[in-house]
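Taken in sequence, the protein lines are chains H, E and Y.
Using the working numbering, you'd call the opening residue of the first sequence number 663 and step up by one each time.
Using the working numbering, you'd call the opening residue of the second sequence number 1241 and step up by one each time.
Using the working numbering, you'd call the opening residue of the third sequence number 104 and step up by one each time.
All residues carry an ideal CB built from backbone N, CA and C; glycine is no exception.
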Amino acid sequence: MSAIDPIPLVSFADLIVGLSLGSRLFLIAVGLSLIFGVLGVLNFAHGGLYMIGAYLTLLVVSIGSGNFWLGVVVAALGVGVLGVALEILTLRPLEGRLENDTDQLLVTFGAVLIIHEGVRTIFGSQSYTLSPPTYLDYSIVLQSGQIGVYRLVVIGFALAVMLGLWLFITRTYFGSLVRGTASDREMAGMLGVNVRRLYTGVFFLGSVLAGLGGALSAPLQSTSPALGDQIIIDAFIVVVIGGLGSISGAFVGAMFIGLAQSLGPQFISSGSIAIPFLAMVLVLLFRPRGLFGGVAE
Amino acid sequence: MSTVLRTQDLRREFGDVVAVDGVSLTFDDGEITSIIGPNGAGKTTFYNLLTGVLSPTAGTIEITSDGEYTDITEEPAHVIAQKGLTRSYQITNIFERLTVRENLAIARISHLGRTMDISSAAMTDADITARFDELLEMTELTPFADQRCDELSHGQKRNVEIALALAIEPSILLMDEPTAGMNPTEVRAVVDLIRELDANLETCFVVTEHNMDVVTDISDRIVVLDQGAVLADGTPSEVLEDDAVTSAYLGEMGADGHIGGIS
Amino acid sequence: MSSESSVSNSVRHVMSEVQAGWTPHRYGVLLFAFLLAAGMGPRFQVFLLTEFMIVALFALGFNLLFGYTGLLSFGHGMFYAGGAYGLAIVLKEVGPAIEAYLGAGISGGVSLLIGAIVGMLLVIIIAVPVGWLSVRMEQIYFALITLAFGMLVYSTIIQNPLDLTNGTDGIVILLGSVNIAGLEVRFGARRTFYYLTLTIFGLLTFGMYRVINSPFGMVCQAIRESPARIGAIGVDVRRHRWAAFIISAVFVGIAGVLRAGLAGVASPELSHWSTSAIAVIATVIGGASFFAGPIIGAFVFLYLRWAISRVPTLEAYWEFFFGLLIIGTVLYFKAGATGGLLALRRWASAFLKARAQTGGERE
Chain H
663 MSAIDPIPLV
673 SFADLIVGLS
683 LGSRLFLIAV
693 GLSLIFGVLG
703 VLNFAHGGLY
713 MIGAYLTLLV
723 VSIGSGNFWL
733 GVVVAALGVG
743 VLGVALEILT
753 LRPLEGRLEN
763 DTDQLLVTFG
773 AVLIIHEGVR
783 TIFGSQSYTL
793 SPPTYLDYSI
803 VLQSGQIGVY
813 RLVVIGFALA
823 VMLGLWLFIT
833 RTYFGSLVRG
843 TASDREMAGM
853 LGVNVRRLYT
863 GVFFLGSVLA
873 GLGGALSAPL
883 QSTSPALGDQ
893 IIIDAFIVVV
903 IGGLGSISGA
913 FVGAMFIGLA
923 QSLGPQFISS
933 GSIAIPFLAM
943 VLVLLFRPRG
953 LFGGVAE
Chain E
1241 MSTVLRTQDL
1251 RREFGDVVAV
1261 DGVSLTFDDG
1271 EITSIIGPNG
1281 AGKTTFYNLL
1291 TGVLSPTAGT
1301 IEITSDGEYT
1311 DITEEPAHVI
1321 AQKGLTRSYQ
1331 ITNIFERLTV
1341 RENLAIARIS
1351 HLGRTMDISS
1361 AAMTDADITA
1371 RFDELLEMTE
1381 LTPFADQRCD
1391 ELSHGQKRNV
1401 EIALALAIEP
1411 SILLMDEPTA
1421 GMNPTEVRAV
1431 VDLIRELDAN
1441 LETCFVVTEH
1451 NMDVVTDISD
1461 RIVVLDQGAV
1471 LADGTPSEVL
1481 EDDAVTSAYL
1491 GEMGADGHIG
1501 GIS
Chain Y
104 MSSESSVSNS
114 VRHVMSEVQA
124 GWTPHRYGVL
134 LFAFLLAAGM
144 GPRFQVFLLT
154 EFMIVALFAL
164 GFNLLFGYTG
174 LLSFGHGMFY
184 AGGAYGLAIV
194 LKEVGPAIEA
204 YLGAGISGGV
214 SLLIGAIVGM
224 LLVIIIAVPV
234 GWLSVRMEQI
244 YFALITLAFG
254 MLVYSTIIQN
264 PLDLTNGTDG
274 IVILLGSVNI
284 AGLEVRFGAR
294 RTFYYLTLTI
304 FGLLTFGMYR
314 VINSPFGMVC
324 QAIRESPARI
334 GAIGVDVRRH
344 RWAAFIISAV
354 FVGIAGVLRA
364 GLAGVASPEL
374 SHWSTSAIAV
384 IATVIGGASF
394 FAGPIIGAFV
404 FLYLRWAISR
414 VPTLEAYWEF
424 FFGLLIIGTV
434 LYFKAGATGG
444 LLALRRWASA
454 FLKARAQTGG
464 ERE
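The following block contains the structure:
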């Protein structure tokens, strides 16, 4: 199969790589963004949760039936549960002083250390790679390069998740609780919303998404204990740029960072790794609410 | 008696809502003025305009320094404080984890303009501690001077609140509902305190209050605000007999001397 | 009041506090005496103690901003790197010229001094604009923007700008030596460097002590407690935070110079947020609300890690312990290790008193 490159400056293949990078980032960032929007907590440990998602997938694939999608499901749910445990153990005790308090950063950072160590102990320091399921493990060949079909699947997942989340937030009762609480926490509490359970629910959702992101990423990157630290910074940047609590913002931000990372080196010979940080600084200075501030916009 | 502060046609809009509507008032030194009015009359907004937290939509605010009027309408909060206008808060807003003495020290440091001084020892500095004893005594805090403020009672914290404001030697002090949430004994104590401060200092006191007993007790002058405008301005007897004032809202006064609203 | 007389006043005050009983001042002086003696001990311990003092300085500088002014920075590594690279670049680029000009006798010391000064200047050049921009942000956003700036500096260093920083490999540092009356003093020698570090540690700790207790330091604490109130009292909060930021950065920069000297290399990782996190961990565990918190925290950080590494089965688990310690401290025991020590002291003195009473006459 071959096709003519639609975009002259960048190859379609590179574009896909950037979008698949962005898709993985979206999955972890949107969960982080929702948690920040509703709980007011910037969960430092979210990268660790993503990483555990990847490891759980690896585990399921290497033992047992070897079914990748089973691994994905186990990872997503497993990380969801872990996230809830994290929330109950570290954030609940901070109840009442959650919003905008640096304690939550410190506490979730403590969790980062624990997760990092835990992963290293159980799985060791080496990096693992995983191939995509065999029926997806081929590429479409273009004039300019190859496009891994699995990457297209990941991008598809991101779009599906975004649509699903949007529907969930705008059409369901839980979603309306999320929107309401995100815009006014105190009011929500006074109106009888069980804020505690809502928090846990949102944390569960955010963690599931992170686990899903990690699971889907396993075939695309090498998994090692350093993964959590690497991805959390990117996730922070996406959340800042896109706006806290904004799903579409997380999507746009994630794609921007993904594309910057894959295409950047082509345009700027060196220094492209600085682009995301520069963007983060600029957004914080000029539009601290992000480009899309607000929930489910 | 000379004028310390004056506002001219002060106006503040929030979209369609006019919170402060053409308020022109003057405040003289040594005088205690109470500002009363129903909730929503614009008292808080008026205070926020004066202290520089909000900027007015129109109008001017001027404070006297060295006999001349200085326009402080657009100045930031900390500059206004340096020029002699400060406030105390309804919900005590003091430096909780520091001692009373340290709280006073900070006010003195600011007043003396020595915030960037890194070479002296603050708590033993003669200039900084100069007025401590006086302030502590005036606010009856001498036995608690070295205690952390978060260990003090509500009433004591209220006194620190006031002492803090006085420590920068303001020419005008805006007090925001100083007796809010207090039982009669505590109210008595605050009233006595304000009376004594007024006797000993030249500071002009402006007090917003809901407790009419307190208002009639301490005020040399009462200003009534209603829907952002000045409804009445005069001595207590003049104002309290003014029909317009009575009909506007004093009729809501309950048996306990409080006007409808927060007691 | 000249600053000289106030320094001597300070010293006199410390001395009187030391004599007054088991005050923090006494502990401080004892620590210093201990460190003075320890320099003669086993070589590895000397190394570890040097590292301790450097991390303690890093944390101390960080805590001026965090514990005292209430601003959590996750980017202070950029100043650690600034000091380190200042020294490294001077030694690499200008060192040979200095040696040629001044001869081998004193050029080692001069290079070191110039390197340290350049390091400080570099730090100030970074801190002034970064601080000015960052103090516009509150709380979490301040943490985020400082993290971003730190990583920006990191990416810049890796870029090898102007061919100065040697990219990801970093710059190797060779400290020179001076010739004092026929005796060659090699700065790179463990004990020599230890005592150099100890001197600076002592001076800077005393300096920070004075800053904390100065009018400036008191205002910092007020800002932490209530920025709104301190503003209403007449203080320009932003400007003050900016100043605290710069002073904090300079302290960390000097620590960075020492770090480079000890490690023998200036590497980009110093500016990475994970390095900034070291100051955070040490300070929080030690107890951010105490002056000695960062110092004790640095001690715990280094020695607990070392102790754990000695037990083969536990070796890799130090992060786990520290993660738990941080969570435990923030959630349940804000006073940290220093608070624990104080509680221990109170219990000990109460215990001793009770023993003395029962040992004596019954009442």
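If you draw a 10 Å sphere on the C-beta of Y/A325, you find 16 or more other C-beta atoms in it, and that means buried. For the segment 225 to 253 of chain Y, the set of positions with a beta-carbon nearer than 8 Å to some beta-carbon of chain H reads L236, R239, M240, E241, Q242, I243, Y244, A246, L247, I248, L250, A251, F252 in chain order. Between the C-alpha atoms of Y/G396 and Y/I384 there is a straight-line separation of about 11 Å. For the segment 920 to 948 of chain H, the set of residues with a beta-carbon nearer than 8 Å to any beta-carbon of chain Y comprises S932, G933, I935, A936, F939, L940, M942, V943, L946, L947, in chain order. Counting only the Cα atoms, Y/R449 lies some 44 Å from Y/P371. Boundaries of the alpha helix (DSSP H) around Y/Y244: 242 to 261. Rounded to whole angstroms, the separation of the alpha carbons of E/P1296 and E/V1263 is 11 Å.
The beta-carbon separation of Y/V338 and E/T1355, rounded to 6 Å, stays under the 8 Å limit for a contact.
Scanning its chain for C-beta atoms nearer than 6 Å, with the 5 sequence neighbours on each side dropped, one finds around E/S1459 the residues I1272, S1274, P1476, in chain order.
The C-beta of Y/I429 comes closer than 8 Å to at least one C-beta of chain H. Y/W450 is outside the set of residues whose beta carbon lies under 8 Å from a beta carbon in chain H. Taking the Cα positions, E/R1461 is about 7 Å away from E/D1473. The continuous stretches of alpha helix (DSSP H) do not include E/E1308, which lies in the beta strand (DSSP E) extending over residues 1308 to 1311. Within a 10 Å sphere around the beta-carbon of Y/P199 sit fewer than 16 other beta-carbons, which makes this residue exposed.
The shortest CA-to-CA distance from E/K1323 to any of E/V1340, E/I1303, E/I1334 is the one to E/I1303. Neighbours of Y/E422 in chain H, taken as residues at a C-beta separation under 7 Å, are given in chain order as L775, H778, E779. DSSP places E/F1267 in the uninterrupted beta strand (DSSP E) bounded by 1257 to 1268. Annotation for H/V774: the continuous alpha helix (DSSP H) segment containing it runs 764 to 785. Taking a contact to require three or more Cβ pairs closer than 8 Å, the segment 942 to 950 of chain H and the segment 259 to 276 of chain Y do not qualify as touching. According to the DSSP secondary-structure assignment, H/Y790 is paired through a beta bridge with H/T885.
Going by C-alpha positions, H/D799 is about 10 Å away from H/R813.
Among the CB atoms of chain H, none fall inside 8 Å of the CB of Y/F165. Per the Cβ contact rule, the segment 178 to 196 of chain Y is in contact with the segment 263 to 277 of chain Y (3 or more Cβ pairs under 8 Å).
Restricted to the segment 798 to 842 of chain H, the beta strand (DSSP E) segments that are unbroken, complete and at least 3 residues in length are 801 to 803, 808 to 810, listed in chain order. At a beta-carbon threshold of 7 Å, the residues of chain E lying near Y/H343 are T1355, ordered along the chain. In this structure, the alpha-carbon of Y/E241 lies about 34 Å from that of H/T834.
Measuring C-alpha to C-alpha distances from E/T1326 to each of E/L1289, E/G1307, E/I1358, E/S1360 identifies E/L1289 as the nearest.
Under the three-state reduction of DSSP, H/N705 is assigned to coil, being neither helix nor strand. Taking the Cα of H/L867 as reference, the smallest distance to any Cα among H/A738, H/R858, H/V722 is reached at H/A738. Around Y/G367, the same chain offers V275, I276 as residues with beta carbons nearer than 7 Å, after the five sequence neighbours per side are excluded.
For E/I1276, there is no enclosing alpha helix (DSSP H); the residue is part of the beta strand (DSSP E) that begins and ends at 1272 to 1276.
By the Cβ neighbour-count rule, Y/W376 is buried, with 16 or more other Cβ atoms within 10 Å of its own. Beta-bridge annotation (DSSP): E/T1339 is paired with E/R1388. The beta-bridge partner set that DSSP reports for E/S1305 consists of E/E1308. Chain E has a Cβ within less than 8 Å of the Cβ of Y/E328. Residue pairing for E/A1298: DSSP places it in a beta bridge opposite E/R1251.
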